[in-house]
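S.K.:
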Amino acid sequence: MSEEGKIIDFESGRQTLLFWNMDDYPIPVGTSDDLGAVSSNMFEALHQMGFRGYMRMQVYSEQQRESYDKDWWMKSLISYVPKCKSYSADFYKLPDITLDIISLTSSVGPGPSNVALIAKPNGELLRVLRCLKSRGHDVLVIDTPPCCPPLFSVESLLEHARLLDGAKPRFKALLSDYMYLDDIDEKDVEIQEDLSKTVDFSERIPTVKGIRTAVFWDAVDCPFPLSSSPDEIYHSISSALVERGSSDKITIWAYLDDDDKKVSLGGNKEWASRIHFLPGGDSRRNRMLNDIYLWVRDSPRSNRRSCDTNLLIFSDQFHDDAYFTDMLQQLSKKVYRLLLVTPTQDINEPASPAWPGLLIDEGAYCFRGT
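Each residue of the sequence shown is one higher than the one before, starting from 1 at the first, in my numbering.
(1) Considering only residues of the stretch 303 to 353, which uninterrupted beta strand (DSSP E) runs meet the minimum length of 3 residues and lie entirely inside it, listed in chain order?
(2) Taking Ala364 as the reference, give the member of Pro350, Lys333, Leu311, Asp321 with the closest Cα.
(3) Can you confirm whether the stretch 239 to 258 touches the stretch 202 to 211 when touching is taken to mean that 3 or more C-beta pairs between the two stretches lie within less than 8 Å?
(4) Could you tell me whether any non-hydrogen atom of the ligand GTP is closer than 7 Å to the CB of Gly50?
(5) Would you tell me roughly how many angstroms separate the C-alpha atoms of Phe10 and Glu243, rounded to the nearest one?
(6) With a Cβ-Cβ cutoff of 8 Å, do Ile102 and Tyr293 count as a contact?
(7) When burial is assigned at 16 or more other CB atoms within 10 Å of the CB, is Gly5 buried or exposed?
(8) In the structure shown, what three-state DSSP assignment does Arg287 receive?
(9) Sort Asp316, Met57, Gly50 by Cα distance to Val38 and report the nearest one.
(10) Could you check whether Trp20 and Tyr54 sit closer than 8 Å to each other, using their CB atoms as the reference points?
(11) Quick one: what's Cys366 bridged to in DSSP?
(12) Would you say the stretch 268 to 288 touches the stretch 227 to 236, given that touching needs at least three Cβ pairs under 8 Å?
(13) Tell me, which residues are paired with Phe277 by DSSP?
(14) Rounding to the nearest angstrom, what Cα-Cα distance links Ile211 and Ser247 in this structure?
(15) Starting from Pro169, trace the beta strand (DSSP E) both ways and give me its first and last residue.
(16) Pull up the CB-CB distance for Leu125 and Ile142, whole angstroms please, since I reckon it's below 8 Å.
(17) Taking the straight line between their C-alpha atoms, what separation do you get for Asp138 and Val335?
(18) Using a threshold of 8 Å, state whether the C-beta atoms of Arg14 and Gly111 are closer than that.
(19) What residue range does the alpha helix (DSSP H) around Asp218 cover?
(20) For Thr98, which residues in the same chain have their Cβ closer than 8 Å to its Cβ, ignoring the five residues on either side in sequence?
(21) Taking the alpha carbon of Gln345 as the point to measure from, which residue in Asp316, Met327, Leu331 has its own alpha carbon closest?
(22) Going straight from the alpha carbon of Phe367 to that of Gln330, what length do you get?
(23) Whose C-beta lies closer than 6 Å to the C-beta of Leu195 among residues of the same chain, with five residues either side of it excluded?
Shown next, in the form of structure tokens:
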């Protein structure tokens, strides 16, 4: 039964991360000097909806506007946010907020943090929100209908806020001293593997213990041999990696064009090997990197000195972009070894007997974490 528009009792003492895309929902014309008051309204609306823990706001915009200057923003905010409440805010200029959402929600606790979003949740962003919901995060979206201009009063925010299931939360005391007896450390919960099921990150991935290797492969930039079956592709790649010192616990995610019909995208798979074919979506690079960060979230190292995780990325979409290169550098601090394999014309030959060994030997760059 649909929960759309249904008012439900709600209370959460967990931390709430509020992500505001100011390009989607800018401050209305004529009220730009009241940015701090608008922000305070957002916090108050969340409070009335039952989000009672520490709140942190992340604001994003690609616009080059003086009114979005970070120093001015912080001074304006500090003037309005109640000093007795636990709030903070930061301003960012990033090309995509989905990666930041995954990264931040993976780094706070105890228990899954709440996610609140003021943005148009289309395409990849909506997929990521659903992935987080399946991992225990309460996800709230504030999205006004196309017919209505964005308003930032407490009343308007309450009216247009929905959980992902469509329900409208309102505060009611449900918890005892904000204790979370149901919060179980994910490290203590094992997810069993079903080899007939495609692992598409829509839920927590199966648990793999010990030394393991994850491969994320852009099959458009680095095509597979045309006549090879999924099992044959997996065997060729895994054999080449094991010969070069990788563990034999290897899982491969291959990203294709959405309209590629050579293999079934998603759903059940008919082969036994741990190779999963996924659609690239609006941007293969964004989808791949978001899935990589979900993999890191679901597959933490046993400790910072551990040598039990290896990550390989095969793609031509990262090496010339400063933002995404920096994201990979940051990622290398979370895994033991990260290799980016960039194809060039002379080594990107899937029909060659040397494939994929030559691709790995000649195209790999190692990111070294600290």
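Here a beta-carbon is modelled for each residue, glycine too, at the ideal position from N, C-alpha and C. Bear in mind the structure is a predicted one, so any value in this text is a computation, not a measurement.
M.R.: On the basis of the data shown:
(1) 309 to 314, 337 to 341
(2) Leu311
(3) yes
(4) By its list of ligands, the structure shown contains no ligand whatsoever, and the ligand GTP lies outside what it can speak to.
(5) Each residue's alpha carbon lies about 54 Å from the other.
(6) Cβ atoms of Ile102 and Tyr293: closer than 8 Å.
(7) Exposed, since its Cβ has fewer than 16 Cβ neighbours within 10 Å.
(8) helix
(9) Met57
(10) No.
(11) Leu339
(12) In short, these stretches touch, since the Cβ pair count reaches three.
(13) Ala254
(14) The alpha-carbon of Ile211 is positioned some 6 Å away from that of Ser247.
(15) 168 to 171
(16) With 8 Å as the limit, Leu125 and Ile142 do not qualify as a contact, their Cβ atoms being about 13 Å apart.
(17) 27 Å
(18) Annotated as proximal: Arg14 and Gly111, with beta-carbon spacing under 8 Å.
(19) Here Asp218 belongs to no alpha helix (DSSP H); instead the beta strand (DSSP E) covers 212 to 218.
(20) Glu124, Leu125, Val128, Asn286, Asn290
(21) Asp316
(22) 9 Å
(23) Ala272
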